[in-house]
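The opening position of the sequence shown corresponds to residue 201 in this note's numbering, with each subsequent residue numbered one higher.
Worksheet: the structure to be examined is printed underneath.
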Amino acid sequence: MEELQEKIKQYQLKFDEAAKNVKSPNELQELRVQFLGRKRGYLTKLIDSLRDLSPEERPLIGKEINELKKYITSRLEEINQNLAAETRKTPRIDITLPGKTIPLGAPHPIVKFQEEIENIFYQMGFSVEDGPEIETDYYNFEALNFPPHHPARDDWDTIYIEGRDDLLLRTHTSPVQIRAMEKRKPPIRIIIPGRVFRKETPDPTHLPMFFQVEGLVVDVGITFAHLKGTLESFLRRLFSERIKIRFRPSFFPFTEPSAEVDISCTVCLGEDKECRVCRGSGWIEILGAGMVDPQVLKNVNIDPEKYSGFAFGMGIDRTAMFVYQISDMRSFYENDLRFLRQFLKQ
Ligand code: PHE
Numbered sequence: 201m202e203e204l205q206e207k208i209k210q211y212q213l214k215f216d217e218a219a220k221n222v223k224s225p226n227e228l229q230e231l232r233v234q235f236l237g238r239k240r241g242y243l244t245k246l247i248d249s250l251r252d253l254s255p256e257e258r259p260l261i262g263k264e265i266n267e268l269k270k271y272i273t274s275r276l277e278e279i280n281q282n283l284a285a286e287t288r289k290t291p292r293i294d295i296t297l298p299g300k301t302i303p304l305g306a307p308h309p310i311v312k313f314q315e316e317i318e319n320i321f322y323q324m325g326f327s328v329e330d331g332p333e334i335e336t337d338y339y340n341f342e343a344l345n346f347p348p349h350h351p352a353r354d355d356w357d358t359i360y361i362e363g364r365d366d367l368l369l370r371t372h373t374s375p376v377q378i379r380a381m382e383k384r385k386p387p388i389r390i391i392i393p394g395r396v397f398r399k400e401t402p403d404p405t406h407l408p409m410f411f412q413v414e415g416l417v418v419d420v421g422i423t424f425a426h427l428k429g430t431l432e433s434f435l436r437r438l439f440s441e442r443i444k445i446r447f448r449p450s451f452f453p454f455t456e457p458s459a460e461v462d463i464s465c466t467v468c469l470g471e472d473k474e475c476r477v478c479r480g481s482g483w484i485e486i487l488g489a490g491m492v493d494p495q496v497l498k499n500v501n502i503d504p505e506k507y508s509g510f511a512f513g514m515g516i517d518r519t520a521m522f523v524y525q526i527s528d529m530r531s532f533y534e535n536d537l538r539f540l541r542q543f544l545k546q
């Protein structure tokens with residue numbers, strides 16, 4: 201009997217010693233089997249040896265074995281809790297897993313195209329200017345030589361600000377010509393890209409909001425030849441060296457003479473009578489231009505006897521349609537990522 205009591209003590213010490221080294225759930229399980237395992241566990245063996253004791257001794261030793269069992273069970277549970285707390289503190293990171301990709305934003309194709317236009321003009325010595333999108337009647341029309349109630353105003357389907365007859369959403373970037381000439385004297389050589397607004401129902405070639413780029417050059421001795429030369433080198437850089445360019449007489453209240461500029465169709469090269477882009481004409485209208493009307497110069501106190509200038513205006517979205525050969529301008533603003541992503545690598 202003393203022998204067994206001694207064994208019980210030894211097992212407890214042995215358990216305590218082993219328990220100190222347990223560092224993982226696997227090691228904990230091994231320890232559990234070693235001591236409590238049903239077949240070969242140390243405690244099972246101790247219980248088996250009860251058989252050799254007298255009926256008086258059995259309950260005494262049985263009680264001691266039971267206590268050891270309770271002790272071991274509660275210690276194992278305690279170690280289990282500690283291990284769980286430990287893994288919660290330092291979560292395992294599997295460094296072989298692929299990283300999470302964070303979706304990145306990217307410039308809108310129209311923004312990128314606008315930057316391309318700006319770069320061509322930077323290289324020709326122009327600087328970039330901007331102005332307000334909410335304008336007064338004076339800048340959008342009157343200073344540009346549209347008298348009040350003049351029928352030419354009807355060509356610009358104007359959106360007015362409710363309750364403010366004098367305020368409107370600019371219908372073109374031309375009002376910034378006036379603002380620029382008020383601010384500084386010639387020589388002036390600027391482009392003005394920006395948003396403009398017109399009362400239009402959206403369809404494949406019209407939007408109530410779109411982008412224009414305006415150009416303005418004012419200096420001594422500026423002629424129509426400068427206008428032609430500038431637009432020709434710009435359009436060749438933007439489209440291709442091979443395009444044909446033609447000027448057609450036109451009318452704008454703020455330029456005289458005025459022209460509309462066409463380029464040869466980028467899609468059918470003038471060879472498809474059924475072409476959807478040029479409708480078989482072989483030409484696409486790309487911008488409006490002209491020599492700054494002397495009256496406009498007078499409106500900003502620049503002497504038309506001394507200075508002359510040219511101006512032009514081009515639709516950015518509309519031109520992007522031809523460059524990227526897109527048949528519906530609305531696609532640019534529908535936020536369909538499958539459409540927008542096509543421009544990322546260009
Ligand atoms: N502002 C004109 C338009 O919106 C374009 C233009 C600009 C024409 C400058 C001549 C000179 O159609």
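All C-beta atoms in this analysis are idealised placements derived from N, C-alpha and C, irrespective of residue type, glycine included.
- R232 and E256 have their C-alpha atoms roughly 30 Å apart.
- Fully enclosed beta strand (DSSP E) runs of no fewer than 3 residues occupy 334 to 336 of the segment 304 to 339, in order along the chain.
- Judged by DSSP in its simplified three-state form, I516 adopts helix.
- Within 7 Å of the C-beta of A425 there is not a single heavy atom belonging to the ligand PHE.
- Counting only runs of at least 3 residues, the segment 383 to 410 fully encloses the following beta strand (DSSP E) elements, listed from N- to C-terminal order: 388 to 397.
- In chain order, I391 and F512 place their CB closer than 6 Å to the CB of G415, counting only its own chain and leaving out the 5 sequence neighbours on each side.
- Spanning the alpha carbons of Q205 and T296 requires a straight line of approximately 53 Å.
- Pairwise C-beta distances place the segment 468 to 477 out of contact with the segment 501 to 515, as fewer than three of them are shorter than 8 Å.
- Inter-segment contact for the segment 340 to 348 and the segment 443 to 457 is present: three or more beta-carbon pairs are separated by less than 8 Å.
- Contact annotation: E432 and I445 have beta-carbon atoms nearer than 8 Å.
- Each of K498, S464 and K383 was checked against the Cα of G482, and the nearest Cα belongs to S464.
- At least one heavy atom of the ligand PHE lies closer than 7 Å to the C-beta of A511.
- Residue ranges of uninterrupted beta strand (DSSP E) with 3 or more members, entirely inside the segment 434 to 514 and ordered along the chain, are 445 to 452, 455 to 464 and 483 to 492.
- Following the DSSP letters along the chain, one finds R258 inside the alpha helix (DSSP H) bounded by residues E257 to K289.
- In this structure, L368 lies near E335, with their beta-carbon atoms less than 8 Å apart.
- Distance from the C-beta of Q412 to the nearest heavy atom of the ligand PHE is below 7 Å.
- Here L544 carries a coil assignment [DSSP, helix/strand/coil].
- In the three-state scheme derived from DSSP, where H, G and I count as helix and E and B as strand, Q205 is classed as helix.
- DSSP links D419 through a beta bridge to S508.
- For the pair R370 and V396, the CB atoms are nearer than the 8 Å cut-off.
- When the five nearest sequence neighbours on each side are left out, the beta carbons in the same chain lying within less than 7 Å of the beta carbon of S531 are those of F539, in order along the chain.
- In the three-state reduction of the DSSP assignment, Q525 falls in the coil class.
- The closest heavy atom of the ligand PHE lies less than 7 Å from the beta carbon of A489.
- Straight through space, the alpha carbons of S374 and F434 are spaced by roughly 19 Å.
- Beta-bridge pairing by DSSP links Q412 to G394 and G515.
- Between Y242 and P291, the alpha-carbon positions lie close to 35 Å from each other.
- In the displayed model, R364 falls within a strand according to three-state DSSP.
- For I247, the enclosing alpha helix (DSSP H) begins and ends at Y242 to D248.
- Excluding its 5 nearest sequence neighbours in each direction, K498 has C-beta neighbours in its own chain below 7 Å: P504, listed in chain order.
- Taking C-beta separations shorter than 6 Å and ignoring five residues to either side along the sequence, the partners of E318 in its chain run V328, following chain order.
- S274 and E203 have their C-alpha atoms spaced approximately 26 Å apart.
- By the Cβ criterion, the segment 515 to 531 is in contact with the segment 407 to 424, since at least three pairs of Cβ atoms, one from each stretch, lie closer than 8 Å.
- T301 sits exposed, since fewer than 16 C-beta atoms from the chains shown fall within 10 Å of its C-beta.
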